[in-house]
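For the numbering used here, count along the sequence shown from 1 and bump the result up by 246. Positions of the beta carbon are idealized from the N, C-alpha and C atoms, including for glycine.
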Amino acid sequence: MKKYLIITLAFFALSACNKQQDLALKSADKDYILKVANEKFEKKKWKDALALYERLSNLVAGTDDAPNVVYNSAYANYYDKNYKLAGHQFKNFSVTFPQDKRAEDAAYMSALCYYEGSMDYNLDQTSTDLAINEMQNFLNNYPNSDRSKNINQLIDELTYKLEFKAYENAKQYYKMADYKAASTAFENVLDDFPSTKLRAKIYDYMLKSKYELAVNSIYSLKKDRIESALAFTKQIEREVPGTDNAKTAADLRNKLLKEKETFAELEKKVEARNKELKDKQRAEEAKINAEKDLREAAKEAEQTKRDSAALATPAPAATFKIKK
């Protein structure tokens with residue numbers, strides 16, 4: 247019996263709430279709508295509250311109630327996980343009502359909404375860039391805020407997400423054996439994020455990428471790439487001595503030095519072969535030129551013979567026609 251009584255009371259309470267919501271939505275009484283909206287907000291009925299606050303937006307414009315409606319709407323959207331809209335509303339509040347004591351909180355919540363809207367690292371990171379910018383704006387506008395420490399931590403977290411995305415993209419080039427692109431991509435990660443926590447892993451991939459690029463290079467580029475890889479191994483040993491990266495650098499340098507020796511021997515053979523081919527080519531050219539000279543000399547001799555014969559032959563006698 248008690249169970250049915252509770253269900254009945256809940257039903258009537260729900261019906262009353264729905265009736266109140268409908269009346270408020272249809273009402274033109276600003277104060278009544280605001281009263282119901284605030285009650286819904288207090289009861290954490292975010293969607294009901296938002297519907298009423300939206301109804302109030304034009305009714306309270308320019309009145310003392312406007313800041314509360316904007317502020318509560320922003321929080322209702324935040325709790326309802328409409329982070330993009332909530333962030334816009336919080337930012338609008340902090341800009342429109344800068345003298346309000348809640349302006350700093352609104353600016354902080356705006357940054358937090360952008361943070362919540364940041365996508366996973368493997369997706370487009372436009373939202374992450376916007377979040378970092380919004381948080382940096384908060385630090386610029388409220389440098390002495392108690393919330394600064396938390397904001398800085400969130401910025402570090404989002405920055406790491408960008409670092410990790412760039413790192414994973416570079417790693418994909420390595421997995422595809424595109425070592426030139428991998429090396430360049432990892433270098434870009436270090437340039438863009440000089441304080442990255444992934445430096446050790448990046449160095450490891452860069453060492454291996456440069457090594458693979460050198461040993462698998464085409465002949466014309468091999469020498470320069472071996473020297474570049476050797477220089478990088480020395481750089482790593484100077485920058486991080488005694489680390490796993492330094493150990494990898496030493497191991498690869500030994501392999502690169504052997505590769506350099508092998509290539510030097512190959513270079514000598516190639517140079518000798520090229521010299522042999524050039525000598526052969528020059529001999530062929532000399533033979534061709536000699537034969538050409540002989541043909542030209544023969545032509546000149548024949549022409550001289552003809553000219554001499556022409557000079558030795560007397561001119562034919564003149565003939566005259568006799569008129570009849």
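*Rounded to a whole number of angstroms, what is the C-alpha to C-alpha distance between N415 and A431?*
Taking the sequence shown and counting its residues from 1, one reaches residue 415 at position 169. Taking the sequence shown and counting its residues from 1, one reaches residue 431 at position 185. When rounded, the distance between both Cα atoms is 8 Å.
*Option nearest N387 by Cα separation, candidates S340, Y278 and L296*: Counting from one through the sequence shown, the residue named residue 387 turns up at place 141. Here the closest residue by C-alpha is S340.
*Measure from the alpha carbon of E300 to the alpha carbon of each residue in G308, K291 and S319, then state which is nearest.*
Along the sequence shown, one-based indexing puts residue 300 at 54. When only C-alpha atoms are compared, the closest one is S319.
*Are the segment 424-439 and the segment 451-460 touching by the rule of at least three beta carbon pairs closer than 8 Å?*
Contact check between the segment 424-439 and the segment 451-460: three or more CB pairs, one atom from each, fall below 8 Å, which counts as touching.
*Shortest alpha-carbon distance to F351 belongs to which of S394, K272, S364 and T372?*
As a working note, residue 351 is residue 105 in the sequence shown. For the record, residue 351 in the displayed sequence is Asp; it is not Phe. The shortest Cα separation from D351 among S394, K272, S364 and T372 belongs to S394.
*Is L385 near N398, with beta carbons less than 9 Å apart?*
What you label residue 385 is simply residue 139 of the sequence shown in a count that begins at 1. What you label residue 398 is simply residue 152 of the sequence shown in a count that begins at 1. Yes, they are a contact pair.
_E414 at chain C interface by Cβ criterion, 9 Å_ = Included in the structure is just one protein chain, with no chain C present.
_Residue from A307, S391 and F439 with nearest C-alpha to L404_ = Sequence index remark: in the sequence shown, residue 404 carries index 158 (1-based). If we check each option's Cα against that of L404, F439 comes out closest.
*asked:* Residues in the same chain with beta-carbon distance under 7 Å from T372, minus the five sequence neighbours each way, listed in chain order, please.
replied: Numbered from 1 along the sequence shown, position 126 holds the residue referred to as residue 372. Nothing meets the Cβ criterion.
*Cβ contact check for the segment 534-544 and the segment 486-504: 3 or more pairs under 8 Å*: Counting Cβ pairs under 8 Å, fewer than three are found: no touch.
*Pair within 9 Å by beta-carbon distance, F410 and Y367*: The count along the sequence shown starts at 1 and reaches residue 410 at position 164. The count along the sequence shown starts at 1 and reaches residue 367 at position 121. Yes; because the gap between Cβ atoms is below 9 Å, this pair is in contact.
*Hey, L280 and L298: beta-carbon distance below 9 Å or not?*
In the sequence shown, counting from the first residue as 1, residue 280 sits at position 34. In the sequence shown, counting from the first residue as 1, residue 298 sits at position 52. Going by C-beta atoms, L280 is nearer than 9 Å to L298.
*Roughly how many angstroms separate the alpha carbons of K524 and Q549, rounded to a whole number?*
By 1-based counting over the sequence shown, the position of residue 524 is 278. By 1-based counting over the sequence shown, the position of residue 549 is 303. Between K524 and Q549, the C-alpha separation is close to 37 Å.
*Looking only at C-alpha atoms, which of D311, F287, K265 and N264 sits nearest to D277?*
Taking the first residue of the sequence shown as 1, we reach residue 277 at position 31. Checked all of D311, F287, K265 and N264; the closest Cα to D277 is D311.
*asked:* Whole angstroms are fine: how far does the CA of S455 sit from the CA of A510?
replied: To locate residue 510, count along the sequence shown from 1; it is residue 264. To locate residue 455, count along the sequence shown from 1; it is residue 209. Whole-angstrom Cα-Cα distance: 22 Å.
*For the segment 360-437, list the beta strand (DSSP E) runs that are entirely contained and at least 3 residues long, ordered along the chain.*
none
*Contacting residues, own chain, Cβ-Cβ under 6 Å from D326 (five flanking each side not counted)*: Indexing the sequence shown from 1 puts residue 326 at position 80. The beta carbon of D326 is closer than 6 Å to those of W292 in its chain, skipping five residues each way along the sequence.
*asked:* So for A555, helix, strand or coil by DSSP?
replied: By 1-based counting over the sequence shown, the position of residue 555 is 309. Reduced to three states, the DSSP call for A555 is helix.
*Can you give me the Cβ contacts of A256 inside the same chain, cut-off strictly under 7 Å, excluding the 5 residues immediately before and after it?*
Position 10 of the sequence shown, counted from the first residue, corresponds to residue 256. Because the pLDDT at A256 is just 40, under 50, the model does not fix this residue reliably, and the value given afterwards should be weighed accordingly. Excluding residues within five positions, none has a Cβ falling inside 7 Å.
_Measuring straight from C-alpha to C-alpha, what distance separates K526 and K533?_
Locating residue 526 in the sequence shown gives position 280, counting from the first residue. Locating residue 533 in the sequence shown gives position 287, counting from the first residue. When rounded, the separation of the alpha-carbon atoms in K526 and K533 is 10 Å.
*Of all the options Y354, R445, N328 and L453, which has the alpha carbon lying nearest to the alpha carbon of D392?*
Stepping through the sequence shown from its first residue, residue 392 is reached at position 146. Nearest C-alpha to D392: Y354.
_Taking the alpha carbon of K286 as the reference point, which residue from A412, P313 and Y321 has its own alpha carbon closest?_
As a first step, residue 286 is located in the sequence shown; it is residue number 40 there, counting from the start. Selected option, being the one with the closest Cα: Y321.
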